[in-house]
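Each residue of the sequence shown is one higher than the one before, starting from 93 at the first, in the numbering used here. All C-beta atoms in this analysis are idealised placements derived from N, C-alpha and C, irrespective of residue type, glycine included. The structure under discussion appears below in the form of structure tokens.
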Amino acid sequence: MIITTDNLEQAQLILPVDQAREVVVDCETWAIYYQPGDQRGQMTVWPVTGRGAICMGGDSIWGDWDEESRRLHCESGAVYNEHGVEIVPAPED
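Structure below.
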């Protein structure tokens, strides 16, 4: 869902609280499903600033959104794809 002036208030009601505080027109948000048990979460990106957030219960994890690879590079060092799957780096030799 692309956030517009028409759906901004609705989006603020359904987004995780910390994402709802920051969401603005032109953000993009979508549901993700994560393990265990295919629980529903939320990913939101701010294309103008290149920021993003993923919520899998509790507070969101924030980071930099790479539009080309559709990956969120989190401040914690974790990387998630657009489906909310953590990308685990290959082991070093």
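| Residue span of the alpha helix (DSSP H) that contains residue 102, given as start and end | Working through the sequence shown from its first residue, we reach residue 102 at position 10. Counting along the chain, the alpha helix (DSSP H) containing residue 102 begins and ends at 100-106.
| task | For residue 175, I'd like the list of residues in its chain whose CB is within less than 7 Å of its CB, leaving aside the five on either flank, ordered along the chain. | result | Counting from one through the sequence shown, the residue named residue 175 turns up at place 83. 124.
| query | Between residue 142 and residue 172, what straight-line distance do the alpha-carbon atoms span, to the nearest angstrom? | reply | As a working mapping, residue 142 is identified with position 50 in the sequence shown. As a working mapping, residue 172 is identified with position 80 in the sequence shown. Rounded to whole angstroms, residue 142 to residue 172 spans 15 Å at the Cα level.
| field | Residue closest to residue 166, alpha-carbon to alpha-carbon, out of 160, 119 and 145 | value | In the sequence shown, residue 166 corresponds to position 74, counting from 1. Per the Cα distances, 145.
| query | Does the beta-carbon of residue 105 have 16 or more other beta-carbons within 10 angstroms, so that it is buried, or is it exposed? | reply | Your numbering for residue 105 matches position 13 in the sequence shown. Looking at its Cβ environment, which holds fewer than 16 other Cβ atoms inside 10 Å, residue 105 is exposed.
| query | So, helix, strand or coil for residue 113, using DSSP? | reply | As a position in the sequence shown, residue 113 is number 21, starting the count at 1. Residue state, collapsed to three classes: helix.
| field | Where the beta strand (DSSP E) containing residue 134 begins and where it ends | value | Sequence index remark: in the sequence shown, residue 134 carries index 42 (1-based). Note, residue 134: beta strand (DSSP E), 131-138.
| CA-CA distance, residue 177 and residue 139? | Within the sequence shown, residue 177 is the residue found at index 85, counting from 1. Within the sequence shown, residue 139 is the residue found at index 47, counting from 1. Whole-angstrom Cα-Cα distance: 20 Å.
| task | Label residue 135 either buried or exposed according to how many other C-beta atoms from any shown protein chain fall within 10 Å of its C-beta, with 16 as the threshold for buried. | result | Taking the first residue of the sequence shown as 1, we reach residue 135 at position 43. Flag for residue 135 reads buried.
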